[in-house]
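For the sequence shown, numbering that gives the first Met the number 0 gives the first residue as 0, with consecutive numbering after it.
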Amino acid sequence: MGEIGRNWSWLLIPPWVILGVLLILVPILGFVTFDTINRQRSNTINLMKEKGAALIRSFEAGARTGMMGMWGGGYQLQRLLSETAQQSDIVYLIVTDHNGVAVAHSDPSMVGKTYAKELDPAGIARSARIEWREVRSESGELVFEVFRQFAPTRHPRPGRLMGRDSPRWQHTPWLERDWNQPHAIFVGLDMEPVEASRREDVTHTVVMGAGLLLLGLAGIVSIFLAQAYRSTRTSLSKVKAFTETLVYNIPIGLMVVDRDGNIALLNRTGETLLRLKASEAVNKKLKDVAPETFSKILREVKKVPVTEREINCRLGDGQWIPLDLIATSLGGNEKNSEECVFIFRDLSEVKRLKEEVERNKRLASIGMLAAGVAHEIRNPLSSIKGFATYFRDRYRDIPEDQEIAGVMIDEVERLNRVIGQLLEFARPMSIERETVPLPVLINHTIKMIEGDAAFKGIDIKLGDLENQGDVCLDKDKIKQVLLNVYINAMEAMEKGGTLRVEATRDIVKNTVSIVVTDTGKGIKDEDLEHVFDPYFTTKPTGTGLGLALVHKIVHAHGGEVGITSRPGSGTSVTITLPADGSTEAR
Numbered sequence: 000m001g002e003i004g005r006n007w008s009w010l011l012i013p014p015w016v017i018l019g020v021l022l023i024l025v026p027i028l029g030f031v032t033f034d035t036i037n038r039q040r041s042n043t044i045n046l047m048k049e050k051g052a053a054l055i056r057s058f059e060a061g062a063r064t065g066m067m068g069m070w071g072g073g074y075q076l077q078r079l080l081s082e083t084a085q086q087s088d089i090v091y092l093i094v095t096d097h098n099g100v101a102v103a104h105s106d107p108s109m110v111g112k113t114y115a116k117e118l119d120p121a122g123i124a125r126s127a128r129i130e131w132r133e134v135r136s137e138s139g140e141l142v143f144e145v146f147r148q149f150a151p152t153r154h155p156r157p158g159r160l161m162g163r164d165s166p167r168w169q170h171t172p173w174l175e176r177d178w179n180q181p182h183a184i185f186v187g188l189d190m191e192p193v194e195a196s197r198r199e200d201v202t203h204t205v206v207m208g209a210g211l212l213l214l215g216l217a218g219i220v221s222i223f224l225a226q227a228y229r230s231t232r233t234s235l236s237k238v239k240a241f242t243e244t245l246v247y248n249i250p251i252g253l254m255v256v257d258r259d260g261n262i263a264l265l266n267r268t269g270e271t272l273l274r275l276k277a278s279e280a281v282n283k284k285l286k287d288v289a290p291e292t293f294s295k296i297l298r299e300v301k302k303v304p305v306t307e308r309e310i311n312c313r314l315g316d317g318q319w320i321p322l323d324l325i326a327t328s329l330g331g332n333e334k335n336s337e338e339c340v341f342i343f344r345d346l347s348e349v350k351r352l353k354e355e356v357e358r359n360k361r362l363a364s365i366g367m368l369a370a371g372v373a374h375e376i377r378n379p380l381s382s383i384k385g386f387a388t389y390f391r392d393r394y395r396d397i398p399e400d401q402e403i404a405g406v407m408i409d410e411v412e413r414l415n416r417v418i419g420q421l422l423e424f425a426r427p428m429s430i431e432r433e434t435v436p437l438p439v440l441i442n443h444t445i446k447m448i449e450g451d452a453a454f455k456g457i458d459i460k461l462g463d464l465e466n467q468g469d470v471c472l473d474k475d476k477i478k479q480v481l482l483n484v485y486i487n488a489m490e491a492m493e494k495g496g497t498l499r500v501e502a503t504r505d506i507v508k509n510t511v512s513i514v515v516t517d518t519g520k521g522i523k524d525e526d527l528e529h530v531f532d533p534y535f536t537t538k539p540t541g542t543g544l545g546l547a548l549v550h551k552i553v554h555a556h557g558g559e560v561g562i563t564s565r566p567g568s569g570t571s572v573t574i575t576l577p578a579d580g581s582t583e584a585r
């Protein structure tokens, strides 16, 4: 791949290809852009003309209405014109006679002065055609001026007598002297907003044209590049796809570290095992991201090219995980190789199976022992209990003998219970699952110990159980588990304390966890790893089968049970069960 990566000759494109593309695209896009700009300007002019014409017609209608109300005259025309010119988009309004003299002006100081000398005032006053021009105001603003004949007495609909010869208007002030002559009206519209919009449109059009040019050029060039690249890509695509699929999906962790100690690759299994995200780990220093054990082995690989061992690896969250790890340099036997490959797999399941086999062997031995001696022990126990009962009843009048007989009976019954527990522990576990509301199950077991807890001064606190839903399990067996855990917790709190019971649900793993925490004396570190062993107990009167039975029941449900404890700080027991009744908690 390195040789291919250094060979970029296929990217070179002949200059005549680029020149030909430009000769074709530039004229076409230039014409389209120029035509678009012209059409935009034409549309803007038509819009302004229509706006000016509409204002003139509106002003004439207002003047005509004033004449009908007989309030006409130059003063009223000036007032109407001034009020109309107050609109924000109107720069000025002017009415002139046929000589160009302003008879009404939005600026009253300009009345009587000549306007638009460079135009033909008489021609404009006699023409009903809309004319326009662009001028600059005294302040330098660009103004779009619309002008034509001013004829307020002419009705817009034919057939109506509104002209100067109509008898109705023969003696009105409007027709005195100057008003008998043709007049013109000029409307100045502010072009700055329209011009700004037009400039923006022009800029947008030019940018779009340039963008289309670049896009077209890029498209055509891409065709040549794709054709040149196709031959190289075809030869590598199948191999690359197979290699990537193999690397990222093999059920073994794979991590590549470059010569600078940076992580270059981490596959999916590696992400899962090391609790890392490839997106966050790649290009980072191995010592900063991965467990410390990997850095130590990397230093060894520089001396010994191939290293294989089983390690206990501590992850970032503090959890320990057993790994079978092989580390090798990509350069084979070269000590100065550029990269190192770590191949590792999780041994947790292997170790769990080994421990399970050992535990099953022990349980099988206990079962055989229990089956062999249970009846042999129980038969003489029954005889001993019978004789003890006989002597207790016979010597009713001798308290000392009665007390001795009572002790014998109690001890025989205790021994019989131990044998019963032993037989139950050794017997194959039968699980009868049913759907049970978890809050109801926990609350029921709590009610069974409330009296003893209150007597011992123990405060029971429950977590939020309302949203935990249903679980599929053997209700009676799990009750037995919880009661065993509760009793152990209460016995650890001789002077009272707090017993807390919580439950959580993991939707991803589809499991529920019940956590029982006490504030008792705790468990020593050396005893913690033996708490599930049969007949291991730290209590003077304990049998050592309670937690062993708890472990067996939970394991039969496909779950797990774990204990964390510190002497003097209490103990926490976590029971994790499959929520759907599957044989294994995922």
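Yeah, the Cβ is synthetic: ideal placement off N, Cα and C, and Gly gets one too. On a predicted model such as this, the values are computed, not experimentally measured, just so you know.
| field | Buried versus exposed call for Asn248 [16 or more other C-beta atoms within 10 Å across all chains shown] | value | Exposed: under 16 other Cβ atoms inside 10 Å.
| request: Would you identify the three-state DSSP class for Leu324, choosing helix, strand or coil? | output: strand
Please report how far the alpha carbon of Ile184 lies from the alpha carbon of Thr32, in whole angstroms.
37 Å
Note to self: Please give the ranges of any alpha helix (DSSP H) in the stretch 493 to 579, keeping only runs that are unbroken, at least 4 residues long and fully inside the region.
What the structure shows: 524 to 527 and 545 to 555
Next item on the list: Measure the alpha-carbon distance for Ala124 versus Asp96 and round it to whole angstroms.
Entry: 7 Å
Inset, instruction - Please classify His550: is it buried, with 16 or more other beta-carbons within 10 angstroms of its beta-carbon, or exposed? - result: buried
| message | Distance check for Pro427 and Gln401, CA to CA, integer angstroms please. | response | In this structure, the straight-line span from the alpha carbon of Gln401 to that of Pro427 is close to 41 Å.
What first and last residue would you give for the alpha helix (DSSP H) that runs through Glu243? Glu191 to Asn248
| task | Count the CB pairs spanning the stretch 248 to 263 and the stretch 282 to 293 that are closer than 8 Å, and state whether there are at least three. | result | yes
Q.
At the level of alpha carbons, what is the spacing between Lys474 and Leu482?
A. 12 Å
message: Just to confirm the assignment, what range does the beta strand (DSSP E) spanning Ala263 have?
response: Ile262 to Leu265
Cβ of Leu272 within 7 Å of any heavy atom in the ligand NAP? This structure lacks the ligand NAP, and indeed carries no ligand of any kind.
Discussion item. For the pair the stretch 352 to 367 and the stretch 379 to 392, tell me if three or more CB-CB distances fall below 8 Å.
Written reply: no
Check: Which class does Asp458 belong to by DSSP, given the choice of helix, strand or coil?
Finding: strand
Going straight from the alpha carbon of Ser571 to that of Lys276, what length do you get?
31 Å
Alpha carbon of Leu314 to alpha carbon of Pro290, nearest angstrom:
One C-alpha to the other measures close to 6 Å.
What does DSSP give as the partner residue(s) for Arg147 in the beta ladder? DSSP lists Ile184 as partners of Arg147.
So, helix, strand or coil for Ile342, using DSSP?
-> strand
What are the uninterrupted segments assigned as alpha helix (DSSP H) that are 4 or more residues long and contained completely in the stretch 341 to 417, given in chain order? 347 to 393
Q.
In whole angstroms, give me the CA-to-CA distance for Ile457 and Ala326.
A. 55 Å
Leaving aside the five residues before and after Trp131 along the sequence, list all residues of the same chain whose C-beta is less than 6 Å from its C-beta, in chain order. Lys48 and Val145
Between which two residues does the beta strand (DSSP E) holding Thr434 run?
Glu433 to Pro436
Restricting to Cα atoms, I'd like to know which of Phe424, Val439, Gly468 and Asp517 is closest to Ala547. Phe424
Proximity to Glu559 [Cα-Cα], best of Arg565, Pro566, Gly567 and Ala578: Ala578
inquiry  = Let me make sure I understand the geometry here. Which of Ser87, His529 and Val411 has the alpha-carbon closest to that of Arg358?
reply    = Cα-wise, what sits closest to Arg358 is His529.
Exercise. What separation, rounded to the nearest whole angstrom, lies between the Cα atoms of Asp164 and Glu59?
Worked result: Since pLDDT at Asp164 reaches only 45, below the 50 mark, its modelled position is unreliable, and no value is offered.
**Prompt:** Within this structure, are the beta carbons of Thr35 and Thr204 separated by less than 8 Å?
**Reply:** Cβ atoms of Thr35 and Thr204: closer than 8 Å.
Query raised in the report: DSSP state of Thr171, grouped into three classes?
Result: Here the model assigns Thr171 a pLDDT of 42, short of 50, so the residue's position is not dependable and the matter cannot be decided.
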